[in-house]
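Student:
There are 2 protein chains.
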Amino acid sequence: MKSDGSKPQYRMLYEILRRHISESVYREGDLLPSENELCRLYGMTRPTVRQSLACLANDGYIRKHQGKGSIVTQPARDIGILSVSGTTSAVGNRNLKTGIIVKPVLKQWPADFMFPLSELEKESGCIYFERLRLLDEVPIFYDISFIANINLPRITARQFENKSLFSILREHYNIEIKGGEQRIRAISPSSKISKFLKLEKGQPVLHLERKIETSVNGFFIYSSIFCNTRKYSIFGRF
Amino acid sequence: MKSDGSKPQYRMLYEILRRHISESVYREGDLLPSENELCRLYGMTRPTVRQSLACLANDGYIRKHQGKGSIVTQPARDIGILSVSGTTSAVGNRNLKTGIIVKPVLKQWPADFMFPLSELEKESGCIYFERLRLLDEVPIFYDISFIANINLPRITARQFENKSLFSILREHYNIEIKGGEQRIRAISPSSKISKFLKLEKGQPVLHLERKIETSVNGFFIYSSIFCNTRKYSIFGRF
DNA sequence: TATAATAACTTGTATTTACAAGTAAAAATA
DNA sequence: TATTTTTACTTGTAAATACAAGTTATTATA
Chain A
77 MKSDGSKPQY RMLYEILRRH ISESVYREGD LLPSENELCR LYGMTRPTVR
127 QSLACLANDG YIRKHQGKGS IVTQPARDIG ILSVSGTTSA VGNRNLKTGI
177 IVKPVLKQWP ADFMFPLSEL EKESGCIYFE RLRLLDEVPI FYDISFIANI
227 NLPRITARQF ENKSLFSILR EHYNIEIKGG EQRIRAISPS SKISKFLKLE
277 KGQPVLHLER KIETSVNGFF IYSSIFCNTR KYSIFGRF
Chain B
77 MKSDGSKPQY RMLYEILRRH ISESVYREGD LLPSENELCR LYGMTRPTVR
127 QSLACLANDG YIRKHQGKGS IVTQPARDIG ILSVSGTTSA VGNRNLKTGI
177 IVKPVLKQWP ADFMFPLSEL EKESGCIYFE RLRLLDEVPI FYDISFIANI
227 NLPRITARQF ENKSLFSILR EHYNIEIKGG EQRIRAISPS SKISKFLKLE
277 KGQPVLHLER KIETSVNGFF IYSSIFCNTR KYSIFGRF
């Protein structure tokens, strides 16, 4: 019995509860309503409710304890770029600004790209752009993004300033981020990166190489992210 | 109908399939048997089989595609210290050696510990040790571990050389690792770390601060890991 | 032959039911 | 009163069933 046309029930409850946790309706340490109570409250059956809770637990919003209940664990998720939700939504209430350094252009993939590419990806080239992201006016991330040029009309004309790439993809192209993989290294920054991130001499940076999977088969987003971890740190769960 | 006394069915199937993938019975790109086939093969119902597959997908061993099936994605998981399986099991076939630099001793927690501690943890002190881990004879990790001193008889007397801490906990104390959280930074190493990891001058290191959750309520393992990411990189899924 | 419709798969979502196992508070017992 | 037992919760595991939705190969049609 799908009451809504688009999203599955468990997903809707997941989003409701996640929002409630984010907005401190349920605070850290609180017990969520029991599974049976949630069933009554939202008119679902227990397996459905449990599917929502499993997602929440997976994302680190709650912790389940047999016999006790589901405990809210709002993780002070530093700058949780490791989460799938994208930089903008992950930083929470901090003031995040995004400046475009290189506007989106269609070009060839670099010769030695950091991830292997499919033939289709190679042929169609990529949309390339560079962004600098500031947290409370301090430059923290330098993002270099590569998007396979597959059926994204007018993407190069879009305004990326202070917007999440993921939200643009979701709203205008109906593409959802599903997950991905990444490699993490500590490196000495190039002078270009050093300049943009306003680093002191000798200050190392974190380098992330990410391949992000979407709801569209074979469509990936790649990014190379340089991160100043002096004040903030990357936070993740496993 | 629990056919085995200890572990749930879905967990057993999960472990069987994971071993098959690790041992290349199923290779990367292969389709796993369909859910209904797995039901017949292992005498379970589809919800149970699906629970196993959900775990596998979660850990990045397979990728599910509606209408197609479950595709094996053996991730060339570099040195997947980010996975929950622990360093030793995560490096796969590479030659991993572990040397003890500071033998396990019971001591007080450091004054400014990297994670907040419960009262119980504070009172009971911690077991402290330092290890150097080499991959193909090259020092890669410098691990500093802190284990809450809660009911672990004879732990300081145990032989940690070339053994995974997690396997010791599992075999001798019946404690399983459930997950955890971590912070990641790029730092300039201290001279001590630099010496042990045989770093060139100016070579930065990755610094992980991890809080690892176990099957025992309130029992956590903490570790501070310094990692040389020049040759290898940390790999993770999200 | 090339295209479109169909059928036979696959996984995704959801319900219903049942019992096991852990937790905590209430009740009975010493 | 202090301890133990019971009871009433909680989540965990598992079955059987049904249909939706995506994929692929076959079959029918142009």
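Order-wise, the sequence lines are chains A and B. Residue numbers for the first sequence follow the working numbering, so the first one is 77 and each next one is one higher. Residue numbers for the second sequence follow the working numbering, so the first one is 77 and each next one is one higher. Note that beta-carbon positions come from the ideal geometry of N, C-alpha and C, so glycine has one too.
#1: Using a threshold of 8 angstroms, state whether the C-beta atoms of Y308 of chain B and I269 of chain B are closer than that.
#2: So for R313 of chain B, helix, strand or coil by DSSP?
#3: Give the DSSP bridge partners of V181 of chain A, in chain order.
#4: Give the range of the alpha helix (DSSP H) segment to which R95 of chain B is assigned.
#5: Cβ of S273 of chain A within 8 angstroms of Cβ of P215 of chain A?
#6: Would you kindly report the start and end of the unbroken beta strand (DSSP E) that includes R116 of chain B?
#7: Give the single residue among B:P123, B:P229, B:I138 and B:N304 whose Cα lies nearest to the Cα of N250 of chain B.
#8: Sort out for me which residues DSSP pairs Q258 of chain B with in a bridge.
#9: At least one CB of chain B closer than 8 angstroms to the CB of S264 of chain A: is that the case?
#10: May I ask you to verify whether the region 278-298 of chain B touches the region 85-101 of chain B, counting CB pairs closer than 8 angstroms and requiring at least 3?
#11: For N134 of chain A, which residues in chain B fall below 8 angstroms Cβ to Cβ?
#12: Give me whichever residues DSSP pairs with Y102 of chain B in a beta bridge.
#13: If I172 of chain B sits next to L132 of chain B, beta carbons under 8 angstroms apart, how far is it from one beta carbon to the other, in whole angstroms?
#14: From B:M190, B:I97 and B:R95, pick the residue whose C-alpha is nearest to that of S299 of chain B; which is it?
#15: From the DSSP output, which residues share a beta bridge with Y218 of chain A?
#16: Please list the residues of the region 293-312 of chain A that have a C-beta atom closer than 7 angstroms to any C-beta atom in chain B, keeping them in chain order.
#17: Which residues in the same chain as E237 of chain A place their Cβ atom closer than 8 angstroms to its Cβ, once the five residues preceding and following it in sequence are excluded?
#18: Cα separation between G162 of chain A and P192 of chain B?
#19: Looking at C-alpha atoms only, which residue of A:I263, A:A187, A:F242 and A:I223 is the closest neighbour of S200 of chain A?
#20: When DSSP labels each residue in this structure, what does S146 of chain B get in the three-state scheme?
#21: CB-CB under 6 angstroms to Y86 of chain A, same chain, minus the five flanking residues each way: which ones, in chain order?
#22: Alpha carbon to alpha carbon, what distance is there between K271 of chain A and F314 of chain A?
#23: Please return the same chain residues whose Cβ sits closer than 6 angstroms to the Cβ of I220 of chain B, not counting the five positions on each side in sequence.
#24: Using the C-alpha atoms, what's the distance from E99 of chain A back to R103 of chain B?
#25: Count the other CB atoms within 10 Å of the CB of T290 of chain B; is the residue buried (16 or more) or exposed (fewer)?
#26: Using a C-beta to C-beta distance shorter than 7 angstroms, which residues of chain A count as neighbours of P280 of chain B?
#27: Between the Cα of N225 of chain B and those of B:S267, B:G294 and B:T305, spot the shortest distance and give me the residue it belongs to.
#28: For the alpha helix (DSSP H) that contains K239 of chain A, what are its first and last residues?
#29: Determine the closest residue to R306 of chain A out of B:E195, B:S264 and B:E276, with distance taken between C-alpha atoms.
#30: Taking the DSSP output, what are the residues bridged to H141 of chain A?
#31: Could you have a look at I231 of chain A and say whether DSSP puts it in helix, strand or coil?
#32: Alpha carbon to alpha carbon, what distance is there between T232 of chain A and K183 of chain A?
#33: Where does A224 of chain A sit, in a helix, a strand or coil, going by DSSP?
Tutor: Working from what's here:
#1: no
#2: strand
#3: A:Y204
#4: Q85 to S98
#5: It should be noted that the sequence gives Leu, not Ser, for residue 273 of chain A. In this structure, P215 of chain A lies closer than 8 angstroms to L273 of chain A by Cβ.
#6: Here R116 of chain B belongs to no beta strand (DSSP E); instead the alpha helix (DSSP H) covers E111 to Y118.
#7: B:P229
#8: A:G312 and B:R286
#9: yes
#10: no
#11: N134
#12: Bridge partners of Y102 of chain B: none, in fact.
#13: Reading the sequence as shown, one finds Leu at residue 172 of chain B and not Ile. 24 angstroms between Cβ atoms; not a contact.
#14: B:M190
#15: A:L208 and A:F302
#16: T305, S309, I310, F311 and G312
#17: T174, G175 and I176
#18: Because the pLDDT at G162 of chain A is just 42, under 50, the model does not fix this residue reliably, and the value given afterwards should be weighed accordingly. Looking at the two C-alpha atoms, the distance is approximately 27 angstroms.
#19: A:I223
#20: strand
#21: T124, Q127 and S128
#22: 33 angstroms
#23: E206 and S300
#24: 44 angstroms
#25: buried
#26: A262, I263, S264 and P280
#27: B:G294
#28: Looking at the DSSP string, K239 of chain A is not in any alpha helix (DSSP H), and its letter there is neither H nor E.
#29: B:S264
#30: A:G145
#31: helix
#32: 11 angstroms
#33: strand
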